[in-house]
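Student:
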Amino acid sequence: MSNTTVTLTGTGVPHAAPSRAGAGVLVRYKKIALQFDAGRATVLRLIEAGVSPTNLTALFVTHYHSDHVVDIPDVVLTRWIQENMHKAGPLPIITPHGSALRFVERMMDAFDDDIHVRQEHTDNVDFRTDITSFAPSTRPTEVWRSSDGEVVVEAVAVHHEPVMDAVAYRVTTPDGSVVISGDTRVCDEVFELARTADVLVHEVCRTQAMAESIKGTPFEQIFDYHSDSIVLGEFAQQYNINHVLLTHLIPSPRSEEDSAKFESDLRRGGYTGMVTVGNDLTTISIGK
Ligand SMILES: [Zn+2]
Ligand SMILES: [Zn+2]
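Just so you know, we're using my numbering here: the sequence shown kicks off at 261 and counts up by one.
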């Protein structure tokens, strides 16, 4: 029986939409719970998925765009506020060098008065952070391993320029592996990493479908560093990807019909494998 599950804690984007929290993916293997990014309302989605911030083993950052990091302070504070009861310790945060590291190092500064007063009045332990950073590489590099060695996380640099130091992650457990693209244009690095994975969680944007409506707007440039849905289908087929789980959906679907268009685009790109168009809390098991 598989012990590994992948849950989308948020499928939204910066433009807020009903029922879609900000970017985030939760990978669980037995008692290990790894969170990738924490966009708006991640704490609520985690609780709904049955994982308190005090149960998280580590949190990984793909890049510093606000829609991926805005709820990290909430995750960290919610965990710390319960420290007297749960003794979970500071949440290990693993992040690429550069601006994402600068963000997580500074993100709690604005809460210093709040942290101080809670410490004074609740006799809570001193607030501490636990941050590890790495230099993104174009070759997959191990960035984390569980203490029993059963779960390994690797990172590879992706193409989200002008954002530098953006990465994708691969989590490997005894059941199999999952790749999380983060934000990127469609690139070989992610697909190389996903070639043998059970599932590829990938961001997606219906760029070609929206080409006319975004002409002359800033979205032309913005969509240029996201993943066009048809090209995604072409790559998924070329790399023989087993299962694509779509998230970070642009535009945010508001109906089943809207969601179906994303799958149709991947089919137009020639993809014949499994497609799941994600909703918040969509959960799949990997392996047997
Ligand atoms: Zn994003
Ligand atoms: Zn981004």
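No residue lacks a Cβ here, since even glycine has one placed at the ideal position from N, Cα and C.
Under the rule that 16 or more other beta-carbon atoms within 10 Å means buried, what is P422, buried or exposed?
Tutor: Exposed.
Student: On the premise that V464 lies in contact with S489, defined as a C-beta separation below 8 Å, what is that separation, rounded to the nearest angstrom?
Tutor: Their Cβ separation, rounded to whole angstroms, is 5 Å, which keeps S489 and V464 in contact under 8 Å.
Student: With a threshold of 7 Å, establish whether the CB of D327 neighbours any heavy atom of ligand 1.
Tutor: D327: yes, Cβ under 7 Å from ligand 1.
Student: Could you spell out where the beta strand (DSSP E) holding L319 opens and where it closes?
Tutor: First-last of the beta strand (DSSP E) with L319: 318-320.
Student: Does H275 pass the burial test, meaning 16 or more other C-beta atoms within 10 Å, or should it be called exposed?
Tutor: With fewer than 16 Cβ atoms within 10 Å of its Cβ, H275 is classed as exposed.
Student: Please report the residue range of the beta strand (DSSP E) in which I501 lies.
Tutor: Looking at the DSSP string, I501 is not in any beta strand (DSSP E), and its letter there is neither H nor E.
Student: Can you say whether D540 is buried or exposed, counting buried as having 16 or more other CB atoms within 10 angstroms of its CB?
Tutor: So D540 ends up on the buried side.
Student: Thinking just about the alpha-carbon of each residue, which of D443, V412, G272 is nearest to the one in S437?
Tutor: Minimum Cα distance to S437 is reached at V412.
Student: Whose C-beta lies closer than 7 Å to the C-beta of E494 among residues of the same chain, with five residues either side of it excluded?
Tutor: Only G529, G530 meet the Cβ criterion.
Student: Just to confirm, are T532 and I544 a CB contact at a threshold of 8 Å?
Tutor: Taking 8 Å as the Cβ cut-off, T532 and I544 do not qualify as a contacting pair.
Student: Would you say V464 touches ligand 2, meaning its beta carbon is less than 7 Å from a heavy atom?
Tutor: No, the Cβ of V464 stays beyond 7 Å of every heavy atom of ligand 2.
Student: Closer than 8 Å is the cut-off here; do at least three beta carbon pairs connect the region 389-399 with the region 287-304?
Tutor: In short, these stretches do not touch, since the Cβ pair count stays below three.
Student: Taking the alpha carbon of G349 as the reference point, which residue from S359, A318, L509, D372 has its own alpha carbon closest?
Tutor: The residue with the shortest Cα to Cα distance from G349 is A318.
Student: Restricting to Cα atoms, I'd like to know which of D372, V285, S524, L304 is closest to V431.
Tutor: Answer by Cα proximity: V285.
Student: Strictly by DSSP, which residues pair up with G270?
Tutor: According to DSSP, which records beta bridges pairwise, G270 is partnered with G284.
Student: May I ask whether a heavy atom of ligand 2 can be found less than 7 Å away from the beta carbon of V423?
Tutor: Yes, the Cβ of V423 comes within 7 Å of a heavy atom of ligand 2.
Student: With respect to 7 Å, is the separation between the Cβ of D484 and the closest non-hydrogen atom of ligand 1 below this value?
Tutor: Checking every heavy atom of ligand 1 against the Cβ of D484, none is found closer than 7 Å.
Student: Pull the bridge partners of P352 from the DSSP assignment, please.
Tutor: For P352, which the question treats as bridged, DSSP gives the partners D390.
Student: Return the CA-CA distance between M261 and L304, expressed in angstroms with no decimal places.
Tutor: Each residue's Cα considered, the two are about 28 Å apart.
Student: Report the residue from Q379, E308, V439 whose alpha carbon sits nearest the alpha carbon of L505.
Tutor: Ranking Q379, E308, V439 by Cα distance to L505 puts V439 first.
Student: Please identify the residue among S407, T302, S359 whose C-alpha is closest to the C-alpha of H325.
Tutor: Ranking the options by Cα distance to H325, first place goes to S359.
Student: Going by the DSSP bridge assignment, what does G436 pair with across the sheet?
Tutor: For G436, which the question treats as bridged, DSSP gives the partners T433.
Student: Give me the residue from D458, D448, L509 with the minimum Cα distance to T467.
Tutor: Looking at the Cα atoms, L509 is the closest of the given residues.
Student: Q295 bridges to which residues according to DSSP?
Tutor: In the DSSP output, where bridge partners are listed per residue, Q295 has L286, L319.
Student: Can you find the residues in the same chain that come closer than 7 Å, C-beta to C-beta, to N263, ignoring five residues on each side of it along the sequence?
Tutor: Around N263: Y289, K290, D435.
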